[in-house]
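Shown next, in structure tokens, is the structure this report addresses.
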Amino acid sequence: EDDLLNVHQVNGSQIAAIEEFLRVDSKGHFVDDLETNELEVPLQHTCLQYTDPAEYRDIYEPLIELEANYDKRLKESQAQHSITLRCEVSINKKKNVYFTIPQSDSEMRIVQGDEMKLIRVQDNKNQILKGNVVKIPNNIGEEVGVELSRGFNLPTAISNWTVEFVWKAVTFDRMRNALKSFVANDSNMSEYIRRTLLGLPAEEEHIKLILPKRFSAPGLPELNHSQVYAVKMALQKPLSLIQGPPGTGKTVTSATLVYHIIKQCGGQVLVCAPSNIAVDQLAAKIDRTGLKVVRVCARSREGLDSPVSHLALHNQIQFMETLPELSSLRNLKEDQGELTDDDAKRYGQLRSVIEKELITSADVVCTTCIGAGDPRLKGIKFRCVLLDESTQAAETECMVPVVLGIRQLILVGDHCQLGPVIMCKKAALAGLSKSLFERLIELNIKPFRLQVQYRMHPALSEFSSNSFYEGTLQNGVTIVERSYPGVDFPWPIPEKPMFFYCTYGQEEISSSGTSFLNRTEAAAVETFTTRLMKSGVKPHQIGIITPYEGQRAYLVSYMQHSGHLNPTLYQTLEVASVDAFQGREKDYIIMSCVRSNDHQGIGFLNDSRRLNVAITRAKFGLIIIGNPRILSRHTLWNNLLNDYKDKGLLVEGPMNNLRDAQIVMSKSSKSTSNKQSLNESAQNNTPSNDHLGKKSEEKSINTFLQAHDRLNVLLPPGEDSNLNQLSNDDGMPIQVLFPPIPDKSSLNSEINVNTLKIDEIVTSESIEQKQNLKKDIISFAKNFAAFNLDNLLQNVPSSSQSGTPKQPSNPSSSHKL
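Residue 496 in the UniProt record's numbering sits at position 496 of the sequence shown, and the numbers go up by one each step.
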């Protein structure tokens, strides 16, 4: 009874907050502890517009602080105890130690370059080693490799070590410094870019230059029409957005654009991306054009292998012949393993001189967004910055390179794919998870969209195109090019190499207590993976995607111990999260959805962007495994499942006898955690904006006009494209090509939508043409849900021109599958 007197009721949000808090602090905290920590500071949500840089800084700085504190706790909570080390000296005389992480902690987040501290207590004395991670485990049981820092020797005792992650504030300090520079220095970017980033009115500017006759670049493929248009327009604008849907060649387009900026405008270009992998890929492409490229990476990553090692700043120094003293000191360091303090100081001074010389003489400098805050780049003003994969970076991350004196800014990305990874849920909900690219689109800055995909079998691209890109994606590859000869796999419909396989096994909480796994789905993954390999597909051609780290770890273990083929074959399979696969591709993708419960929801799966990424990684074939009864309750998945069902691709049963699944789909509910319709989610990917300050009253409208169906393309006179986006009652987008419509001002403002006649919105001197257009629209209305004509009339771009609709000059430009 006494205990009951101390009980007080908590609501669902408090329980969720406690669970989130305990996930990184397992020592035990209750509601009172929680409220006196992170929940005590009210946060101001990010805005679309800001009155000045100071307001911008004041809103973002607390979010950076919140994320930094969360990241610090997360790192420090991953300490491992009772670890046994394996020691070795590498060929280049580096001292390395290796250890294996216990299987119960196989979901730890380890990144190459992470700093680690190894501690061993003996006779009340601490033996301490420090180093950086040079090898990360891809499978359970594989070792973590740490290269010891200068001055540390390999230990003689190898047991009973504690391994701790060293948290560093560099990332967050550089974001804070960028915000301070934004406030204090008016010369760190052009006034146009400054006002545009704040969401304030700015007079339109155009860059004066002589456009090249051909928009190709040496060593790179020829561009298609949409890529040429994006490059041409971006060259002339001080601020541009380029949207690259999956497989549309963002990297080639970006590299070509950088080449022409250098050739036509001069000056240096700084190329950044949030991840080292993306930076390396773009640096390699730019290098092929013949431009002088320098890749600047963090000191902690200089010992890591890279596909562009020859471009790395620290490696280019070795080929400099101007300072013999530097060469002799480097040779001495390699022979002895380390230098005296005086020699080390002199070596650092000489190295800094050469680094500055290499950086300032380069055409293009490539680094991560955070790397742009490296002291080695201090004082260098770049005329142009190109941010690749900018939708995966937090806005404050993008600001680090933006404040380096730029006069031209190009953001490349896709807000219909995954956004920034923000670990602190509170900071994410306050707006830190929204990218700069996304906010600029909401400010009505229209992106130039790449429209030809070269990755997927045409059947695989259809759902993504219609659901996320208004049906505008064209296929740059044919069915023949994406049909693998000699692979005998029982696709339900051979000309559509994909299906959703129905399973009903229950989800479980993983061993870490912070993730989920599904044993039934894991068994199905092994079955389909094994059959693909027996059919002649190599392990490296297969990618297995799951949104949960618990399932990833279980899949790796299950296939190696229970797989029907040699275990070494399964070891080379890549099993990774949706996030890890963004920007990448495999010939075949198998996706395990995991979630299967009656009351808990579907978590990560309810993010439309995750679905878009997952289903667009495969080139030749896609298999999705999940519980359709649970998933179909959510609008997002209901649309996909019904699409697969209509095509005969929703199946169940044994491998050699796949048959149509005999299930009744749950009715989708719009009251999910993601309350947007699929169309809204794909275009906005933001929470409700009711609480945003200074948000413009009218929502920005993106207009396009091309469809992924069999309708002909109807184009208004003088317009290349002009799509109006409609949606039916279920929230699914309807793509339709509308005939030209006069300016709304020429119509009666009190239009009765129910009685409006086609003749009133079509201007044409030909009665026959009017009748044909009426038939087209009436036919469309019968085949699709009724559409909101009032919304159509509000959203059409103004056009004073009238006349008959013209057909495109090139019939092959119709966007069909």
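For every residue, glycine included, the Cβ atom is placed at its ideal position computed from N, Cα and C.
In this structure, the alpha-carbon of residue 633 lies about 36 Å from that of residue 538. According to the DSSP secondary-structure assignment, residue 123 is paired through a beta bridge with no residue. With respect to residue 578, residue 613 sits close: the two C-beta atoms are nearer than 7 Å. The beta carbon of residue 458 sits closer than 8 Å to those of 475, 477, 478, 479, 482 and 817, all from its chain and outside the five residues before and after it, given in chain order. If the five residues before and after residue 570 are omitted, its C-beta is found closer than 6 Å to the C-beta atoms of 559, 560 and 563, all from its own chain and listed in chain order. At a Cβ-Cβ threshold of 7 Å, residue 170 and residue 57 do not count as neighbours. Bridge pairing for residue 491: absent [DSSP]. Relative to residue 468, the option among 639, 157 and 412 whose CA is nearest is 639. Per DSSP, the unbroken beta strand (DSSP E) holding residue 587 starts and ends at 586 to 592. A direct Cα-to-Cα measurement between residue 444 and residue 624 gives close to 36 Å. With respect to the 7 Å criterion, residue 273 and residue 253 are not classified as neighbours on the basis of their beta carbons. Excluding sequence positions up to five before and after residue 149, its CB lies within less than 6 Å of the CB of 130 and 131, all in the same chain and listed in chain order. Going by DSSP, residue 81 is part of the beta strand (DSSP E) stretching over 80 to 83. Judged by DSSP secondary structure, residue 629 falls within the alpha helix (DSSP H) whose first and last residues are 628 to 631. Here residue 500 is bridged, per DSSP, to 624 and 650.
By the criterion of at least three beta-carbon pairs nearer than 8 Å, the segment 176 to 196 is not in contact with the segment 410 to 424. The count of Cβ pairs closer than 8 Å, one atom from the segment 211 to 225 and one from the segment 59 to 73, stays below three, leaving the stretches out of contact. Remark: C-beta atoms of residue 75 and residue 161 do not approach each other more closely than 7 Å. Taking 7 Å as the cut-off, the beta carbon of residue 650 is found closer than this to the beta carbon of residue 644. The C-beta distance from residue 118 to residue 98 rounds to 11 Å, too long to fall under 8 Å, and the pair is not in contact. Around the beta carbon of residue 352, fewer than 16 other beta carbons sit within 10 angstroms, so the residue counts as exposed. Of the residues assessed, residue 109 falls on the exposed side of the cut-off, its CB having fewer than 16 other CB atoms within 10 angstroms.
Residue 617 is positioned such that its CB atom lies closer than 7 Å to that of residue 585. Around the CB of residue 54, fewer than 16 other CB atoms lie within 10 Å, so the residue is classed as exposed. Excluding residues up to 5 positions away in sequence, 249, 253 and 450 lie with their Cβ nearer than 7 Å to the Cβ of residue 227 in the same chain.
Judged by beta-carbon spacing, residue 95 lies within the 7 Å limit of residue 154, meaning their Cβ atoms are closer than that value. With respect to the 7 Å criterion, residue 306 and residue 280 are classified as neighbours on the basis of their beta carbons. Residue 294 has its alpha-carbon roughly 6 Å from the corresponding atom of residue 313.
The beta-carbon distance between residue 239 and residue 193, rounded to whole angstroms, is 6 Å. This is short enough to meet the 8 Å contact definition. When rounded, the separation of the alpha-carbon atoms in residue 504 and residue 545 is 19 Å. In the DSSP assignment, residue 454 falls outside any alpha helix (DSSP H) and carries neither an H nor an E.
Sixteen is the threshold: since fewer than 16 other Cβ atoms of the shown chains lie within 10 Å of the Cβ of residue 345, the residue is exposed. Contact check for residue 498 against residue 622 passes: the beta carbons are separated by less than 7 Å. Residue 490 and residue 385 have their alpha carbons spaced roughly 49 Å apart. Only residues of its own chain outside the window of five on either side were considered, and among them 543, 545, 617, 618 and 622 have a CB closer than 7 Å to the CB of residue 589, listed in chain order.
The beta carbons of residue 275 and residue 115 sit about 19 Å from each other, so the pair does not count as a contact at 8 Å.
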